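> Just so you know, the protein sequences line up as chains A and B, in that order.
With our numbering, the residue at position 78 of the first sequence is 78, and numbering never jumps.
With our numbering, the residue at position 266 of the second sequence is 1266, and numbering never jumps.
Glycine included, C-beta positions come from ideal geometry on N, C-alpha and C.
Bear in mind the structure is a predicted one, so any value in this text is a computation, not a measurement.
Please see the structure below; I have some questions.
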Amino acid sequence: MPSINRDSWLTFGVCALTGVFVFIETLGYPGVQGQGFGRGPGFYPQVLAGTLIGLGLLSVLQGLWQKKRASSGQGDRPEPVPDLTYWPVAALMLLSILSIMAMKVLGFLLSGFFLTFCSVILIKASLKVRHIFVALLYSVGMMALVYLVFEVFVGVQLPGSSIF
Amino acid sequence: MDAFELLIAGLPNFTKAYSLFLIVAGNVLGIIFGVVPGLTATMGMAIFLPMTFAMSDVNGMLFLIGIFVGACYAGSISAILVNIPGTPSAIATGFDGYLMAQKGEAGRAIGYATLASALGGLFGVLVLVFAAPVLASFALEFGAQEYTGVAFLGISIVSYISFGSTLKGLIGGIIGLLLASIGQDVITGYPRFAFGSKNLEAGLEMIPVMVGFFGVTEVLAKLEQSTEIKVVVAKIRKVLPSFSRLVRMSPMMGVSSLIGTFIGAVPAAGGAIASMAAYGIQKRFSKRSREYGTGIAEGVVAAEAANNAAVGGAFVPMLSLGIPGDPQTAILIGALMINGLAPGPMLFTTRPDLISTIYLGNIVSVVVFSLIGLAGARYFAHLIRVPRHFLLPAIMIFCIIGSFAIRNTVFDIWVLLACGLIGYLLQKIGIMPAPIILGFVLGPILEDNFRRSLIVSNGDWTTFLTRPISLALILINLFILFGPYLMALAGRKRVIG
Chain A
1 MPSINRDSWL
11 TFGVCALTGV
21 FVFIETLGYP
31 GVQGQGFGRG
41 PGFYPQVLAG
51 TLIGLGLLSV
61 LQGLWQKKRA
71 SSGQGDRPEP
81 VPDLTYWPVA
91 ALMLLSILSI
101 MAMKVLGFLL
111 SGFFLTFCSV
121 ILIKASLKVR
131 HIFVALLYSV
141 GMMALVYLVF
151 EVFVGVQLPG
161 SSIF
Chain B
1001 MDAFELLIAG
1011 LPNFTKAYSL
1021 FLIVAGNVLG
1031 IIFGVVPGLT
1041 ATMGMAIFLP
1051 MTFAMSDVNG
1061 MLFLIGIFVG
1071 ACYAGSISAI
1081 LVNIPGTPSA
1091 IATGFDGYLM
1101 AQKGEAGRAI
1111 GYATLASALG
1121 GLFGVLVLVF
1131 AAPVLASFAL
1141 EFGAQEYTGV
1151 AFLGISIVSY
1161 ISFGSTLKGL
1171 IGGIIGLLLA
1181 SIGQDVITGY
1191 PRFAFGSKNL
1201 EAGLEMIPVM
1211 VGFFGVTEVL
1221 AKLEQSTEIK
1231 VVVAKIRKVL
1241 PSFSRLVRMS
1251 PMMGVSSLIG
1261 TFIGAVPAAG
1271 GAIASMAAYG
1281 IQKRFSKRSR
1291 EYGTGIAEGV
1301 VAAEAANNAA
1311 VGGAFVPMLS
1321 LGIPGDPQTA
1331 ILIGALMING
1341 LAPGPMLFTT
1351 RPDLISTIYL
1361 GNIVSVVVFS
1371 LIGLAGARYF
1381 AHLIRVPRHF
1391 LLPAIMIFCI
1401 IGSFAIRNTV
1411 FDIWVLLACG
1421 LIGYLLQKIG
1431 IMPAPIILGF
1441 VLGPILEDNF
1451 RRSLIVSNGD
1461 WTTFLTRPIS
1471 LALILINLFI
1481 LFGPYLMALA
1491 GRKRVIG
């Protein structure tokens, strides 16, 4: 059962890294600042960090125990791994980052249009003219809806463009 | 003010057309989010929370309650029609509902689901009306030590119940607490984890964090599934069930509603567990026990009455203790906090009109979704077919606007993306978003009370053990977290012996 083991180690890694980071960061915080201030601003995060590291260690122990049970035939059968592709996730994150960076220059409506249009094409995974046309129409409609609902109805001032 | 006076204190709010419009709009949106598989009540509430900024606290609550109640009901429509529960609380509905649809009784199944949901929902509110003030007056006796125990109880229960392992749930809760500690220290005002950024110094806003963990994480998780599920929607004909059969089923509806309300009131338990438990119990004790799972209306009624009754139950800890019963009530607490209100027992004396509005909002929502459900189920069924290449980009855009709208700053959109990505990666190792969000919401309550307890007692940790209620809460927390392990260990030793 390598997956159980890997998950436990990863969980421990997340807990240990976060916990150590919190400890290092809070070491520089001032201590007691006078009567009624308790143990200073670093105390509570340190308690949480310590707990997190402890739970990470428990996760490794739990993983080892499950592995032992599995090897002796007592554990649960591993579930079938579904068919997953990760590139659309990475692509959408990249598109989102680009459109947020472009927001200051292009404004929300244009950068939002860019994000919607590219996301529709990305998820549909098709470059047929008909699909591109539908994606264009959908993106324009979406931005019109956003403008009407948020800017006109709710009164949210969406980020404007610095060049238009 | 007695329970009845409290119930009617907010009646004037329901004479305004705009308030009623918001309940209907919330219900319609909730039904859309409930019907479409992959969208949830939590996501809908998180995405539309920023729209409430332009509303009064009362109207904002009505709108969000509409989404919550509508989505809770509508999850059953897709469970019945295509056997894909629109929300986790509708899983048990599909056991019999889908088989009824296969027999050509899709309309009937939706009719039973709608009426059982309505009755369950009303029952839950009734219990809320009478139980919440009692619990709230008890909670007025609580000090910082007790509130520390109650806040931690929310995290330990969600850890115990959350999908995956208790340990991972607890880790998620602690991560949420750490995220909540970013920004100025509640006691000394010292900026923590700010790294010189004025935005971080102000702390993380609740909306981008919630929308990131619930919305963006879900979008990313849906994106990695390489194929779209093709659905064939069953035809809907007669929706209204026979009255006499409905009357015959009313005792079992009552029992399921009672189970649902009780489980819903347990912090973090929620509708999914309530409906599964009610279905299981009804199946176990019914005269038609063997027919459950073959497509009988009783199965649909058992599950639906319970999951909608759980909504009223979930409001009990939220209103009386200020502790979220589930992720949806965590969002409602967020909405109250944005309006400068502190949820908890004091709200009963300071804002009885708002408490009443929440009660009545639930009741009106039940009426609204019943009418919409009976009249429009066949139209909402078409939403199941909305392709994900239209759905996911729309959710992403709404998540971005929602995060931006709170402070009109792009920084919050970065927080949204970061939380979405962190939530997605943590989900890969079994740490789910719900405990993280509960930790984040409970963080300020827990830290404030925990540190105040230690300050008052001059750093004496036994202060948590010397007060009876605090001690009881600690024991309950320990039992929830370690009880199952100890019992499993004891059982194993017995087997070996």
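For B/P1191, does the three-state DSSP call read helix, strand or coil?
Three-state DSSP puts B/P1191 in a strand.
> Taking 9 Å as the CB-CB limit, is A/A119 close to chain B?
The question names Ala, but residue 119 of chain A in the sequence shown is Ser. For A/S119, the answer is yes, since a Cβ of chain B falls inside 9 Å of its Cβ.
> Between the region 1179 to 1192 of chain B and chain A, which residues of the former have CB atoms less than 7 Å from a CB of the latter, in chain order?
Against chain A - using a Cβ distance shorter than 7 Å - the residues of the region 1179 to 1192 of chain B are S1181, D1185, I1187, T1188, Y1190 and R1192.
> Closer than 9 Å, CB to CB, is B/Q1225 near chain A or not?
At least one chain A Cβ lies under 9 Å of B/Q1225.
> Per DSSP, B/G1271 is paired with what?
Paired residue(s): none; B/G1271 is not in a bridge.
> Runs of 4 residues minimum, wholly inside the region 1022 to 1103 of chain B: which ones carry the alpha helix (DSSP H) assignment?
Here the runs fully enclosed are 1041 to 1048, 1057 to 1082 and 1091 to 1102.
> Between B/A1405 and A/V140, what straight-line distance do the alpha-carbon atoms span, to the nearest angstrom?
Cα-Cα distance, rounded: 21 Å.
> When the distance is taken between beta carbons, is B/L1332 closer than 9 Å to B/M1055?
Contact flag unset, no.
> Pull up the CB-CB distance for B/H1445 and B/V1266, whole angstroms please, since I reckon it's below 8 Å.
It is Ile, not His, that sits at residue 1445 of chain B in the sequence shown. With a Cβ gap of about 18 Å, B/I1445 and B/V1266 do not count as contacting.
> Grab the span of the alpha helix (DSSP H) containing B/K1428 for me, first residue to last.
First-last of the alpha helix (DSSP H) with B/K1428: F1411 to K1428.
> Closest Cβ-Cβ distance between A/L27 and chain B: below 9 Å?
Not closer than 9 Å to any Cβ of chain B, the Cβ of A/L27 fails to qualify, so no.
> When the Cα atoms are used, what is the spatial distance from A/P45 to B/S1181?
Distance between the alpha carbons of A/P45 and B/S1181 is about 7 Å.
> Which residues in the same chain as B/S1356 place their Cβ atom closer than 7 Å to its Cβ, once the five residues preceding and following it in sequence are excluded?
These residues qualify, in order along the chain: L1006, L1007, I1008, A1009 and G1010.
> Which residue wins for smallest C-alpha separation from B/T1188, given the options B/R1451, B/L1177, B/G1154 and B/A1488?
Comparing Cα-Cα distances from B/T1188 to each of B/R1451, B/L1177, B/G1154 and B/A1488, the minimum goes to B/R1451.
> Go ahead and pull the three-state DSSP assignment for B/G1215.
Three-state result, B/G1215: helix.
> What residue from B/P1085, B/M1396 and B/L1465 has the CA that sits closest to B/T1148's CA?
The shortest Cα separation from B/T1148 among B/P1085, B/M1396 and B/L1465 belongs to B/L1465.
> Does chain B have any CB closer than 9 Å to the CB of A/L127?
No, A/L127 lies away from the interface with chain B (no Cβ there is under 9 Å from its Cβ).
> What span of residues does the alpha helix (DSSP H) with B/T1462 cover, start to end?
From DSSP, B/T1462 is part of no alpha helix (DSSP H); its letter is neither H nor E.
> Just to make sure I have the definition right: I need the residues of chain B whose C-beta is within less than 8 Å of the C-beta of A/Y86. Which are they?
Near A/Y86 (Cβ distances below 8 Å), the residues of chain B are E1224.
> Which runs of the alpha helix (DSSP H) at least 4 residues long sit entirely within the region 1255 to 1304 of chain B? Give them in chain order.
Within the region 1255 to 1304 of chain B, the complete alpha helix (DSSP H) runs of at least 4 residues are 1270 to 1285.
> Taking the alpha-carbon of B/Y1112 as reference, which of B/L1426, B/G1312, B/G1430 and B/V1301 has the nearest alpha-carbon?
Looking at the Cα atoms, B/V1301 is the closest of the given residues.
> Taking all protein chains shown into account, do 16 or more other C-beta atoms lie within 10 angstroms of the C-beta of A/L148, making it buried, or fewer, making it exposed?
Burial call: exposed.
> I'd like the span of the alpha helix (DSSP H) that includes B/A992, first residue to last.
Nothing can be reported for residue 992 of chain B: it is not among the residues displayed for chain B, which extend from 1001 to 1497.
> Using a Cβ cut-off of 9 Å, pull out every chain D residue sitting near A/V156, in sequence order please.
Within the model displayed, chain D is absent; protein chains A and B are what it includes.
> What does A/K124 touch in chain B if you count any residue whose Cβ is under 7 Å from its own?
Within chain B, the residues near A/K124 are H1389.
> In chain A, which residues lie with their C-beta within 8 Å of the C-beta of B/K1168?
Within 8 Å Cβ-Cβ: T11 and S59.
> Pop quiz: B/E1304 and B/A1116 are said to be a contact at Cβ under 8 Å. What is the actual Cβ separation, rounded to whole angstroms?
That belief holds up - the Cβ atoms of B/E1304 and B/A1116 are roughly 4 Å apart, short of 8 Å.
> Using three-state DSSP, classify A/L84 as helix, strand or coil.
DSSP places A/L84 in strand when its eight states are reduced to three.
> What residues are listed by DSSP as bridge partners for B/G1183?
Looking at the DSSP assignment, B/G1183 forms a beta bridge with B/R1192.
> Under the rule that 16 or more other beta-carbon atoms within 10 Å means buried, what is A/R6, buried or exposed?
Label assigned to A/R6: exposed.
> So if I threshold CB-CB distances at 9 Å, which residues from the region 41 to 53 of chain A count as touching chain B?
Listed in sequence order: P41, G42, F43, Y44, P45, V47, L48, A49, T51 and L52.
> Using the Cα positions of B/P1484 and B/L1167, report the straight-line distance between them to the nearest angstrom.
Going from the Cα of B/P1484 to the Cα of B/L1167 covers about 12 Å.
> What residue range does the alpha helix (DSSP H) around A/Y29 cover?
Here A/Y29 belongs to no alpha helix (DSSP H), and DSSP marks it neither H nor E.
> Report, in whole angstroms, the separation of the C-beta atoms of B/G1026 and B/F1063, which I expect to be a contact under 8 Å.
About 4 Å; that satisfies the 8 Å criterion.
> I want to see whether chain B comes within less than 9 Å of A/R130, judged by CB atoms only; does it?
For A/R130, the answer is no, since every Cβ of chain B falls outside 9 Å of its Cβ.
> On a CA-only basis, which of A/W65, A/A90, A/V154 and A/I121 is nearest B/F1390? Give me that one, please.
For the residues A/W65, A/A90, A/V154 and A/I121, the minimum Cα distance to B/F1390 belongs to A/I121.
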